[in-house]
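For what it's worth, my numbering labels the leading residue of the sequence shown as 157, then goes sequentially. Glycine included, every Cβ here is placed at the ideal spot set by N, Cα and C. Remember, predicted model here, so these are calculated numbers, not experimental data. To start, the structure itself, in structure tokens.
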Amino acid sequence: MERSKARLTSEQFMSMLLPLLEEKRDVEITVAGNSMFPLWKHGRDRVTLTCCDKDTLRKGDIPLYRRHTGQLVLHRIVRVSKCGYDMCGDGQDRVERHVPKDNVIAVVKSFTRKNKTYSCEYVPYRVFVALWLTLLPFRSFALRSIRVWRRWIL
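In structure tokens:
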């Protein structure tokens, strides 16, 4: 099946996404941006979004949410509180604090990386998530090390 690649504004994307989520349908999109490096690569990898209960998301989940600027973002939950979530992209070391639960639109159910699909419940993936969250205080050093290693080896 041929995939079409179109760049949409946030409003265009939301007008297509919300009706599908209301019908309880999953939606697959291609990742844009590098904030979730090293897990996902811009333009190569895809995620499957599904509707979610905004109150039951947990640390390590990756919701699609809208920032106060209107920008749509896929970042990992690094902390859950009563009023919202603290989020951080895997390729970042700065935490976005107090994202309101109402800003969450959907959650990543699975992802396709290098043409292989993984569930977000897949045990090796959950181990990666636990390790990566543990590294958050040291993430800038870890990311620099990964980038240097990739330059040398790849």
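Endpoints, the beta strand (DSSP E) within which residue i is located
| i | result |
| --- | --- |
| residue 275 | 272-275 |
| residue 260 | 260-269 |
| residue 204 | 202-206 |
| residue 244 | 240-244 |
| residue 253 | 252-256 |
| residue 222 | 219-222 |
| residue 230 | 228-230 |
Minimum C-alpha distance to residue i - residue among the options
| i | options | result |
| --- | --- | --- |
| residue 263 | 211, 247 and 168 | 211 |
| residue 219 | 287, 226, 200 and 206 | 206 |
| residue 204 | 230, 214 and 223 | 230 |
| residue 234 | 174, 288 and 173 | 288 |
| residue 256 | 238, 208 and 282 | 238 |
| residue 286 | 215, 258, 254 and 184 | 215 |
Rounded C-alpha distance that separates residue i from residue j
| i | j | result |
| --- | --- | --- |
| residue 278 | residue 244 | 21 Å |
| residue 306 | residue 280 | 22 Å |
| residue 195 | residue 246 | 7 Å |
| residue 273 | residue 182 | 14 Å |
| residue 297 | residue 248 | 11 Å |
| residue 167 | residue 225 | 12 Å |
| residue 312 | residue 228 | An answer regarding residue 312 cannot be provided, because it is not within the stretch 157 to 310 covered by the chain. |
| residue 213 | residue 275 | 16 Å |
| residue 304 | residue 193 | 14 Å |
| residue 162 | residue 170 | 14 Å |
| residue 209 | residue 308 | 43 Å |
| residue 240 | residue 271 | 33 Å |
Residue i, enclosing alpha helix (DSSP H) - first and last residue
| i | result |
| --- | --- |
| residue 295 | 295-309 |
| residue 289 | 279-290 |
At least three beta-carbon pairs within less than 8 Å, the region 259-277 to the region 291-302:
The region 259-277 vs the region 291-302: no contact.
Ignoring anything shorter than 3 residues, give me the beta strand (DSSP E) runs that lie fully in the region 170-198, in order along the chain.
183-186
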